[in-house]
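Chains as they are written, first to last, in full-length UniProt numbering: chain A, 1 to 553; chain B, 1 to 553. Step one of this worksheet: look at the structure below.
2 protein chains.
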Amino acid sequence: MEKLAPILQTIVVAKNRRSSLEFDEPSRSSDFCSGTGICRFNPYIERRSRTVWTCWYLRGYYIGKSLVQRKYYGSVASGLQKNPTFATLNLDDVNYFKGILGEKNVIQDEDRLATANVDWMHKYKGSSKLLLRPTCTEEVSQILKYCNSRRLAVVPQGGNTGLVGGSVPVFDEVIVNLGSMDKIISFDKVSGILVCEAGSILENLDAFLANEGFIMPLDLGAKGSCHIGGNVSTNAGGLRMIRYGSLHGNVLGLEAVLANGTVLDMLGTLRKDNTGYDLKQLFIGSEGSLGIITKVSILTPSRLFSTNLAFLACNDFFSCQKLLLEAKRKLGEVLSAFEFLDSQSMEMVLAHLDGTRNPLPSSLYHFYVLIETTGSDPSYDREKLEAFLLQSMEGGLICDGAVAQDTNQSSSFWHIREGLPEALSKAGTVYKYDLSLPVEKMYGLVEEMRLRLGQSAKVVGYGHLGDGNLHLNISTPEYDDSVLRKIEPFVYEWTSKHKGSISAEHGLGLMKANEIHYSKSPETVQLMASIKKLLDPNCILNPYKVLPQSVLH
Amino acid sequence: MEKLAPILQTIVVAKNRRSSLEFDEPSRSSDFCSGTGICRFNPYIERRSRTVWTCWYLRGYYIGKSLVQRKYYGSVASGLQKNPTFATLNLDDVNYFKGILGEKNVIQDEDRLATANVDWMHKYKGSSKLLLRPTCTEEVSQILKYCNSRRLAVVPQGGNTGLVGGSVPVFDEVIVNLGSMDKIISFDKVSGILVCEAGSILENLDAFLANEGFIMPLDLGAKGSCHIGGNVSTNAGGLRMIRYGSLHGNVLGLEAVLANGTVLDMLGTLRKDNTGYDLKQLFIGSEGSLGIITKVSILTPSRLFSTNLAFLACNDFFSCQKLLLEAKRKLGEVLSAFEFLDSQSMEMVLAHLDGTRNPLPSSLYHFYVLIETTGSDPSYDREKLEAFLLQSMEGGLICDGAVAQDTNQSSSFWHIREGLPEALSKAGTVYKYDLSLPVEKMYGLVEEMRLRLGQSAKVVGYGHLGDGNLHLNISTPEYDDSVLRKIEPFVYEWTSKHKGSISAEHGLGLMKANEIHYSKSPETVQLMASIKKLLDPNCILNPYKVLPQSVLH
C-alpha cells in the first residue's frame, strides 16, 4: 500500500490518449503534428521479398520512403487454382461498366491497380485488371447483376487494411471499392443512431460524432483508412469492445447487395425489432462473401470525457485473472480496458522501442496489466479507481503500480502495450497469432510454446485479457522453416483442444480459410457452405476466402 | 430547484426493487413472502370465453382460483388450414418415442396436454395429442430426425410465456418441451461466461449467478417460468436491455438441433471468434422455426449493488426526449432504466390499481419519467444522480420530481409503471400494441390515435423510452369490432410509414406472421423463406408461425 499510495495523484483527462497508430492492426494514417490537423501523412508500407519499405505520402503525393524491419510469416492458403467456371474480363465488360459508372470510376491504370491488388502487409498479391468505384447502391447492384450473369468474380474492398488477405484479389477478380460511398445519411441525437454509407472511414465517423457528443462503439488502429463497411464485414473487434460489446449487438441495420444484384433493405434504425429472422447478422463477419454491404445503421454511445489509466504489476497470471474479476466487480460500469503483457514483452519493448521507459523500474515483474476507466465524472471516477487499486494492493493482487498523472504519461503507458508489434518487428522475424482462448487457459499456450521451442525463439504473450484475446508472438533473428513447423499446426491444435478460436478478430480471409475446422464443427461448416451457395450460387463474391474450396465445389 | 432539493435524500439500495410480476409479460411465479423463499405460489391464468380466472398453485398443488378481469384483443392469423403434407400421429409413432424417451417422458395425459396446448393468455389453443420431454440433446435429435422422416409437425416449447401464440400448437403438432433440460453446464467466474441447457428457467439462472456475483443480462416479468432457450429463440428484450444490450451481443454460443436431427455445435464460450459465418445469430429470434436450441452460452455482467430511482415530471414529450439525451450523457455508465408514461397512464393507474399513490401529487403532469441508475458505489452514484437532477430542474427539463428514499418507495414508484397493464385490464377491454419507433416520432402515434378514436376509447402511451419501445394501449368499456377496425391496420401502417417495427420484443408468432411485410421488405422476407426451406425443407418446425404461409408453399 505504501508503495502505491504516493503515486495516486490527479489524472488529467486523456481525450486522445492513444496514438493514431495501433500496431496490432495496420494504419496508413499518422498525424505527425498531433492536434494541429495540418500535416497529415499517409505512410504506405510496401514490401519486396523480405525487405519492407515504408513509403510516405503527403496529401496523396509521394514524398519519400524509409526502410523498416517488418517480417510476417504464418500459414497461407497455397496450391490454389483459379475457379474454372469464372470468366475472364474482356473489352465488352469494361465498356459495360463505363456505361454504368462513367469513365472515371472504371479504373485500369496500372499504378492504381497495383496498390489495390496488394494487401497492407504485402503478403497477398492479386492480378486484377479492373477496379470499379460505384457511387451508390444502385450502381453496386448493376455491377453485381452483370458480374453474376457473366460469372466474373468480384472482390469487395474497403480500406484494404485486413490482415488475412481478405480484401485483395487472389487471381484476376474485379475489385469493387466502396470508397466513393462515404456519406453520412442521418444521425438521431436522442437515440444515438447513425446511418451512413459503407465506404465511410471509421475515423471520419468518429470525428463527426465527436461534435455531437457521441463516439463510435469500435476503435482500431486502422481507423484512418478502414471503412465501416469493412469493419462490419469483418466483425472488427478493437479497443472498445470490452466496454461496448460486439458489432452483432451494435449494428442495428444494414443494406447489402447480393451476388445477383438484389438489394436487401435491412436498414433498420431501431434498438428493438423482432419481426422475422435477423438476416443482417449473416453479413456481419462474413467478409464480403455473401453480399456487399452498402449502408450501415449503428448504435453509438455517448462520449464520456473522464479517462484514467493505471499501469500495474502482478506476480503471476492467476493474479492477473483475479484482478480482472475484481475490476469487473468494483469498477464495473467505468472499466474500459484491461490489457496484459508478460515480462518478455516488457523486455522486448525496452530493448527495441526508442524512448520507452519502464513505469515500474524497481524490478522486472512477471506480468503487467493496464487498467483504463472511462466515465462521466473525473473526480468520482478517479476516486473509484484509486480506492480499487489500494484494495487490490492490500489484497496482494498487485505488487507495484503507477497511475498516469497527465496525458503524456498516459500516452507513454499505452505506448508500451501498443508499441509491442513494432518492437517485435524490429527484433527480427515475427510469427504472429491472434487467438481467442478461455482466460484461465490463455497463458498455458505461451508457456507450452516456450517449452516446445526452447532457446530457438523468444515467445511473447500479450493481449486484451478482458476479451480473452491473446496475441501470441514468436520472435527469431531470421526466418526459419523448422521453427514454423514447430509452431504450426501445433498452435491451431492447442487452440482447438481448449475450445479457442484460431481467429479472434482478424477473420479467416485467404490465410486461414482452410483452417476453419480447428474452430468450427463439420456440420456448421457444411451449413455455412449451404448458405453461401444459397446467397451466391455462382460463388462470385470474394472467392477462395473464408470457407475451404472443398466444401463449396 | 427548491422543489426538488428537499427530497434528494439517502436512497437505500433496492436489491429486489421490482416485484417478480412484470405485467407487460406474463408471469406464473409470484413470491408472496418476498425474500423468505418459503411461500412460492404459481398463479396460472385460465380463461374461458371472456372471463379470466387466476388459478393458484402452491408447490404444484392447486389451492384455489380467483376471478380477474383480463381481456386481450388484437389481430390473430385466421383462416388457416392444416398443412396437408403433414402426417397424423399414430400408435407406432408414440411407441417409437417411448422407446427413445421412456414412458414417463411421452405424455398423453389430457390434463397435461390441455395446459400445454394453450398459451398464457388463453388466446391461442391447439389440439396436440402428444407432449415429449427429452432429457438431452441426443434425444431431441432422435425426435426431430424421426418427425422429419414421418413429416410430423413439431412445436418447440419452453416456459410457454409468449404473447403472440408462438409456443403452442395451431393444430395437432407434437409438442417438444425442453423443461427437463435445465442443467448448468459451466460457469467461468473470470470471464462471466455461463453455459447451460436451454430448459433452464431464467430466474434460476439469475439466482445461481447472484451467488457468484453476476447477473443475467436480461430480466423480464416471466422470469419465473420462461426458459433461457425460449428467451434466445424469441430474442427477448426486457428490462436490462438499455444497459446490457441485446441477446445478439450477449449470446456467445448455442447448440441447436435442425429439423433433420443434425446437432449444430456452435457452443462457443469466447467473446471474440471470427471464424466463418456467425450461424448462431440465425437462431436468435427465429422463434423455434429453424431449429431447437438445446444449449446456450451467454456473457453475464458483474452484479452491481447500488441502485437509485427517480420519479420525474415533464411538461411535454420533447422534454422527455431531451432528458433522455442528457441522462445518457451525464449519467452515462450508471443509467440502467429510462421509462416514460403519459398523464392518461397515470390517471388509469390511480383509478384502477389499489394502493397506488401519485409520488408528485401537487399536479397532474403531461408526462412522467422513471430514471434508474445501477452502479458499484452507493454514495458516488447517488451524488451523480442528484447533481444531474438539480441541473435538469434548473434547465427546465423536469418540472417536479422525487427520489426514492428506501426500498418501499422504490417499489411503489415501479409499481406505477409496472402496474399499468393490470390497471388497464381492470378498466375494461384493452387493445395492446408493442411497437418500436424512432423516439422523436413515438408519441405522434398516440396523439393521432386519440384524434382518430375521439371519445370512443381511452388511448394510453407508455414504455421503454430508452429503447424506443412504445406500449400503445387502447381501452374501451366493452369489446367493439368497430374500434378494432379503426385501430388496425392503421396502427401497422403508421408504424411502417415511420420505419418502425410492429413487434419490438414479442416476436411475430402466429399473431403477426402475416403482418411481417409492414416491417420487412419483400426481398428480405423471400430470403427468410429460402433460409427456412434450406434448414427445414419439410417445414415441420413451428409451422404457421413467423413467416406467411404464402412465401413458404
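In this text, a Cβ means the ideal position worked out from N, Cα and C, and glycines have one as well.
Cβ of residue i less than 8 Å from any chain A Cβ?
{"i": "T269 of chain B", "result": "yes"}
{"i": "Y146 of chain B", "result": "no"}
{"i": "H471 of chain B", "result": "no"}
{"i": "Q321 of chain B", "result": "yes"}
{"i": "V190 of chain B", "result": "yes"}
{"i": "K432 of chain B", "result": "no"}
{"i": "R329 of chain B", "result": "yes"}
{"i": "M528 of chain B", "result": "yes"}
{"i": "G288 of chain B", "result": "no"}
{"i": "Y443 of chain B", "result": "no"}
{"i": "T275 of chain B", "result": "yes"}
{"i": "D316 of chain B", "result": "no"}
{"i": "G468 of chain B", "result": "yes"}
{"i": "D167 of chain B", "result": "Here the sequence assigns Ser to residue 167 of chain B, which means Asp is not the residue at that position. It does not; no Cβ of chain A falls within 8 Å."}
Just checking residue i against the ligand PLP - is the residue's beta carbon closer than 7 Å to any of the ligand's heavy atoms?
{"i": "S200 of chain B", "result": "Annotation note on the ligand PLP: not contained in the displayed structure, which lists no ligands."}
Is the Cβ of residue i closer than 8 Å to any Cβ of chain B?
{"i": "I284 of chain A", "result": "yes"}
{"i": "D265 of chain A", "result": "yes"}
{"i": "S550 of chain A", "result": "no"}
{"i": "P84 of chain A", "result": "no"}
{"i": "D400 of chain A", "result": "no"}
{"i": "Y544 of chain A", "result": "no"}
{"i": "V334 of chain A", "result": "yes"}
{"i": "H506 of chain A", "result": "yes"}
{"i": "residue 556 of chain A", "result": "The structure shown has nothing for residue 556 of chain A, since chain A only spans 1 to 553."}
{"i": "I228 of chain A", "result": "no"}
{"i": "K520 of chain A", "result": "yes"}
{"i": "G213 of chain A", "result": "yes"}
{"i": "E394 of chain A", "result": "no"}
Count the other C-beta atoms from every protein chain shown that fall within 10 angstroms of the C-beta of residue i, then say buried if there are 16 or more, exposed otherwise.
{"i": "H248 of chain A", "result": "buried"}
{"i": "C399 of chain A", "result": "buried"}
{"i": "N408 of chain A", "result": "exposed"}
{"i": "G401 of chain A", "result": "buried"}
{"i": "H471 of chain A", "result": "buried"}
{"i": "D467 of chain A", "result": "buried"}
{"i": "R357 of chain A", "result": "exposed"}
{"i": "C314 of chain A", "result": "buried"}
{"i": "A207 of chain B", "result": "exposed"}
{"i": "Q142 of chain A", "result": "buried"}
{"i": "S396 of chain B", "result": "For the record, residue 396 of chain B in the displayed sequence is Gly; it is not Ser. Under this definition G396 of chain B is an exposed residue."}
{"i": "L451 of chain A", "result": "exposed"}
Among the options, which has the Cα closest to the Cα of residue i?
{"i": "L218 of chain B", "options": "B:A337, B:G261, B:K322", "result": "B:A337"}
{"i": "E418 of chain A", "options": "A:I107, A:A529, A:A222, A:T524", "result": "A:A222"}
{"i": "S410 of chain B", "options": "B:E372, B:S362, B:L324, B:G230", "result": "B:E372"}
{"i": "G99 of chain A", "options": "A:P537, A:Y431, A:W120, A:E139", "result": "A:E139"}
{"i": "R552 of chain A", "options": "A:D381, A:S289, A:Y518, A:G396", "result": "Per the sequence shown, the amino acid found at residue 552 of chain A is Leu instead of Arg. Here the closest residue by C-alpha is A:S289."}
{"i": "V483 of chain B", "options": "B:N469, B:L508, B:A457", "result": "B:A457"}
{"i": "I474 of chain B", "options": "B:E255, B:A427, B:K328", "result": "B:A427"}
{"i": "G291 of chain A", "options": "A:P543, A:L535, A:P548", "result": "A:L535"}
{"i": "V154 of chain B", "options": "B:V168, B:Q391, B:D111, B:K125", "result": "B:V168"}
{"i": "G179 of chain B", "options": "B:L202, B:Y380, B:V190, B:L194", "result": "B:L202"}
{"i": "C539 of chain A", "options": "A:C147, A:F97, A:A116, A:T88", "result": "A:C147"}
{"i": "K145 of chain B", "options": "B:T476, B:D93, B:A116", "result": "B:D93"}
Q.
Can you pull out the residues from the stretch 230-248 of chain B whose beta carbon lies closer than 9 Å to at least one beta carbon of chain A?
A. Within the stretch 230-248 of chain B, the qualifying residues are T234, N235, A236, G237, M241, I242, R243, Y244, G245, S246, L247, H248.
**Q.** Proximal residues, the stretch 369-392 of chain B versus chain A, C-beta separation under 7 Å
**A.** Legend: CB atoms of the stretch 369-392 of chain B lying less than 7 Å from CB atoms of chain A belong to residues G375, S376, D377, Y380, K384.
**Q.** Ranges of the alpha helix (DSSP H) found wholly within the stretch 131-183 of chain B, counting only runs of at least 4
**A.** Correct list: 137-150.
Q: May I ask you to list, following chain order, the residues of the stretch 476-492 of chain B that have a beta carbon less than 7 Å from some beta carbon of chain A?
A: Of all residues in the stretch 476-492 of chain B, none places a beta-carbon less than 7 Å from a beta-carbon of chain A.
(Q) For the stretch 124-144 of chain A, list every residue whose C-beta sits within 7 Å of some C-beta in chain B, in sequence order. (A) For the stretch 124-144 of chain A, which is checked against every Cβ of chain B, not one residue is closer than 7 Å.
Q | Interface positions of the stretch 178-210 of chain A facing chain B (Cβ-Cβ less than 9 Å), listed along the chain | A | Those residues of the stretch 178-210 of chain A that come within reach of chain B (Cβ to Cβ, closer than 9 Å) are D188, K189, V190, S191, G192, I193.
**Q.** Every unbroken alpha helix (DSSP H) within the stretch 320-382 of chain B, with a cutoff of 4 residues, ordered by chain
**A.** Whole alpha helix (DSSP H) segments, 4+ residues: 343-352.
Q.
If we require 3 or more residues per run, which beta strand (DSSP E) segments fall completely within the stretch 374-437 of chain A?
A. Taken in chain order, the complete beta strand (DSSP E) segments of 3 residues or longer contained in the stretch 374-437 of chain A are 400-403, 429-436.
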